[in-house]
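Asker: Under numbering that gives the first Met the number 0, think of the first position of the sequence shown as 0, with each following residue one higher.
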Amino acid sequence: MSGSQYPLKTLFYRMFSLLVVIPLVVVFLVAAVILNHLMRTSAVNTISAFQETVATTLYTDMKSAALQLSHFVYVNNGEFMELADQVYHSTGSQQYLYSQRLEQAFNTAMVPSQNIIGGHFFMKEGGGVSVKENVSVADEWLRKEGWYTAAMQRPNNVIIGGYDTSKHQLTGNTQKGRQLMLVSAMAPDYITDRSGNIELVAYFTTSQVSEILQSARSAGDMGTTLLLDENGRLLFGDMGDEQLAAWFNANGPGLKEGTFNRRAALEEGEGERNHLFIVSTLPYTGWRIVTFVEQASVTQRVLGVGLALFLVVFGLLSLFYVFSRYFLDSIVMPVQALADGMDRVAANDLTVQLQPAGHQEIRRLIGSFNQMVLSLSNMLAINEEAQKRKHQAEMHALQSQINPHFVVNTLNSIRFMAQMSGFDGIRKMAQALSNIVACSFRSSTSFYTVRQELDLLDSYLYIMRIRYADSFEVRYEVEPDCQECRVPRLTLQPIVENAIVHGFACMEEELGQICIGACRRDDELWLEVSDNGCGMDAAAVEAALNGDPLQPPAAGAGTGR
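So this is what it looks like as structure tokens:
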């Protein structure tokens with residue numbers, strides 16, 4: 000659809016919307032989508048890096064606990080195993096002595112580690128021996144744990160388990176709440192345990208992951224990170240939130256490794272909300288690190304940056320709008336007004352006068368338009384007046400034609416009366432005069448043939464002969480092929496009249512001779528009038544040819560022009 004079909008103002012707004020508003024809105028929307036993607040990616044990358052830190056710390060703690068346990072079991076050919084067996088099977092002071100030796104050996108072997116809470120030897124006969132800290136739970140309960148069963152199935156291999164100290168009191172008074180306690184367990188074979196009475200050795204150590212998770216949770220922007228065991232059950236990180244613990248115990252087994260969005264009721268007293276989950280697996284253990292953050296918190300950061308971006312786009316639109324209004328008021332609207340004014344002029348309205356507005360060039364254009372309309376109006380008024388005068392002149396001319404026609408009719412009447420009375424000279428003279436008068440007042444014909452011109456000249460010469468008493472003669476030298484050539488009417492009459500009136504004025508007795516000739520030379524018609532009159536001297540001829548004023552003629556003489 001052509002833009003010329005719309006008014007300039009409408010076209011301007013359409014083009015402004017198409018080339019400015021829509022592109023800016025599209026840029027804003029695209030930027031918002033990209034920003035949302037970047038914010039989400041940044042959040043995922045930040046959380047993934049944090050999870051790597053947690054995994055590295057946890058793996059380091061597990062490796063350290065495994066090495067300490069292995070060292071304790073294998074050092075000095077199982078000396079500690081024998082001491083534990085002696086403590087278990089002795090009584091009284093003997094048991095106390097062995098206990099002190101075991102405690103001293105344990106402390107010596109574990110220096111400089113400060114994260115060991117205690118150790119425990121599980122005896123095949125039931126019961127056990129504790130080192131540094133007594134185990135607060137029954138051995139039968141511990142023997143049913145997964146790590147215990149796994150260690151029994153893989154002798155001489157360290158198996159790691161974990162507990163949340165807020166939920167389980169495993170050791171004595173030194174145990175603190177909201178800590179991750181790692182249990183490293185090994186079932187020695189008959190070669191390692193020469194006594195053959197020890198079923199399993201376990202170490203209880205605290206992990207630095209506890210402090211890392213708590214500090215990240217207090218930061219707020221890192222979301223909430225929890226540990227799930229190999230079965231997907233909540234291991235650590237709920238910090239006493241029962242609703243959170245219940246949800247993960249119910250849904251933890253179904254959380255697969257990766258990044259995804261999921262609706263969940265994870266906040267106490269709140270309904271389901273959309274959350275971003277990042278799940279990674281800890282090598283060698285099957286444990287999973289799960290971090291979730293409410294999608295609204297990520298979106299809120301996007302909205303903050305998006306608001307700034309919106310303000311920038313809105314500012315640009317405002318500047319474009321201000322410029323557009325200025326452009327519209329100073330150029331478009333004056334041009335539109337000028338176009339409307341031209342339409343009014345085209346509709347014959349010559350009273351249009353526009354108010355100058357806009358830029359200097361537009362003002363000049365409007366001023367020229369106003370002057371043009373005024374000039375056109377004046378020209379039409381002058382033309383109308385001229386037409387009126389022309390009409391009046393035509394009326395006067397029409398009225399004045401009454402007299403010539405009356406004269407011609409009268410002459411014809413005189414000619415008819417003279418003919419009836421037998422006065423042939425009067426008849427001929429009336430006929431000649433009638434021909435001349437009729438020719439003089441004919442306005443419809445501007446050209447005569449040479450033949451018609453000569454006939455009219457004969458009538459004129461007939462009258463002049465009577466006036467001048469046959470004092471001159473006329474001779475014609477006209478070639479036949481010139482008869483039908485057209486010439487302006489009354490071309491020869493003034494020249495012949497000058498010859499008679501001026502050329503023969505000073506001649507007394509001599510007979511005047513006039514020769515009228517017509518011939519063709521190539522494509523030209525030559526007319527010639529000659530006489531034997533007094534003529535002109537050389538000075539007068541030169542003055543006439545140069546257009547100089549002539550000397551006043553003598554009385555009764557003159558120069559025809």
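All residues carry an ideal CB built from backbone N, CA and C; glycine is no exception. Since the structure is predicted, the reported quantities are computational estimates derived from the model, not experimental observations.
1. Considering only residues of the same chain and omitting the five flanking positions on each side of Arg459, which have a CB-CB separation below 8 Å?
2. If contacts are defined as beta-carbon pairs under 8 Å, then Thr224 and Leu212 qualify, I think. What distance do you get, rounded to the angstrom?
3. Can you tell me whether Leu17 is helix, strand or coil according to DSSP?
4. Helix, strand or coil: which one does DSSP assign to Ile211?
5. Quick check on DSSP: helix, strand or coil for Cys533?
6. Determine which residues share a DSSP beta bridge with Gln512 and list them.
7. Among Thr284, Val72, Asn273, which residue has its Cα nearest to the Cα of Trp146?
8. Buried or exposed: which applies to His167, given that a residue is buried once 16 or more other Cβ atoms fall within 10 Å of its Cβ?
9. Please determine, among Thr350, Ser329, Tyr320, the residue with the shortest C-alpha to C-alpha distance to Ser16.
10. Using the Cβ count rule (16 or more neighbours within 10 Å means buried), how would you classify Ser1?
11. Give the DSSP-derived three-state secondary structure of Asp237 in the structure shown.
12. Are the segment 177-191 and the segment 257-276 touching, with three or more C-beta to C-beta distances below 8 Å?
13. Going by the beta-carbon positions, is the gap between Ser183 and Leu68 smaller than 7 Å?
14. Go to Met332, then tell me how far its beta strand (DSSP E) extends in each direction, as first and last residue.
15. What three-state label does DSSP hand His274 in the structure shown?
16. Under 8 Å by Cβ, that's how I've got Ala65 and Val157 pegged, so tell me the actual separation to the nearest angstrom.
17. Can you grab the Cα-Cα spacing for the pair Glu132 / Ser214, in whole Å?
18. Assign Thr59 to one of three DSSP states: helix, strand, or coil.
19. Hey, is the segment 29-40 in contact with the segment 296-308, meaning 3+ C-beta pairs nearer than 8 Å?
20. What does the alpha-carbon distance come out to for the pair Leu189 and Phe247?
21. Buried or exposed: Cys438, going by 16 or more other Cβ atoms within 10 Å of its Cβ?
22. I'd like to confirm the pairing. Which residues does DSSP put opposite Tyr202 in its beta bridges?
23. For Glu452, is the classification buried or exposed, using 16 other Cβ atoms within 10 angstroms of its Cβ as the cut-off for buried?
24. Quick check on the burial criterion: 16 or more other C-beta atoms within 10 angstroms. Buried or exposed for Ala380?
25. What are the partner residues of Leu226, as DSSP defines its beta bridges?
26. Does the distance between the C-beta of Lys387 and the nearest non-hydrogen atom of the ligand MN fall short of 6 Å?
27. With DSSP as the reference, please indicate the residues paired to Gly126 in a beta bridge.
28. For Ala42, which residues in the same chain have their Cβ closer than 6 Å to its Cβ, ignoring the five residues on either side in sequence?
29. Can you tell me whether DSSP reads Ser41 as helix, strand or coil?
30. Quickly, what does DSSP pair Pro487 with across the bridge? List them, please.
31. Alpha carbon to alpha carbon, how far is Thr59 from Tyr73? Give it in angstroms, no decimals.
32. Please report the residue range of the alpha helix (DSSP H) in which Asp84 lies.
33. In the DSSP assignment, find the unbroken beta strand (DSSP E) run with Arg142 in it and report its ends.
34. If you draw a straight line from the alpha carbon of Leu526 to that of Val500, how long is it in whole angstroms?
35. With three or more C-beta pairs closer than 8 Å as the rule, is the segment 312-331 touching the segment 339-350?
Answerer: So, from the data block:
1. Per the sequence shown, residue 459 should be read as Tyr rather than Arg. For Tyr459, where only same-chain residues beyond five positions count, the Cβ hits under 8 Å are Ala431, Ile435, Gln492, Val495, Glu496.
2. 5 Å
3. helix
4. helix
5. coil
6. Glu472
7. Thr284
8. exposed
9. Tyr320
10. The predicted model places Ser1 with a pLDDT of 45, which falls under 50 and marks its position as unreliable; any figure quoted below should be read in that light. Per the 10 Å Cβ criterion, exposed.
11. coil
12. no
13. yes
14. No beta strand (DSSP E) holds Met332; the alpha helix (DSSP H) holding it covers 332-345.
15. strand
16. 4 Å
17. 28 Å
18. helix
19. yes
20. According to the sequence as given, residue 189 is Tyr; it is not Leu. Going by the C-alpha atoms only, they are around 41 Å apart.
21. buried
22. Gly118, Ser183
23. buried
24. exposed
25. Phe235, Ile288
26. No copy of the ligand MN occurs in the structure displayed, which carries no ligand at all.
27. None, per the DSSP bridge assignment.
28. Val297
29. helix
30. Phe446
31. 21 Å
32. 78-88
33. Premise fails: Arg142 lies in the alpha helix (DSSP H), 138-142, not in any beta strand (DSSP E).
34. 20 Å
35. no
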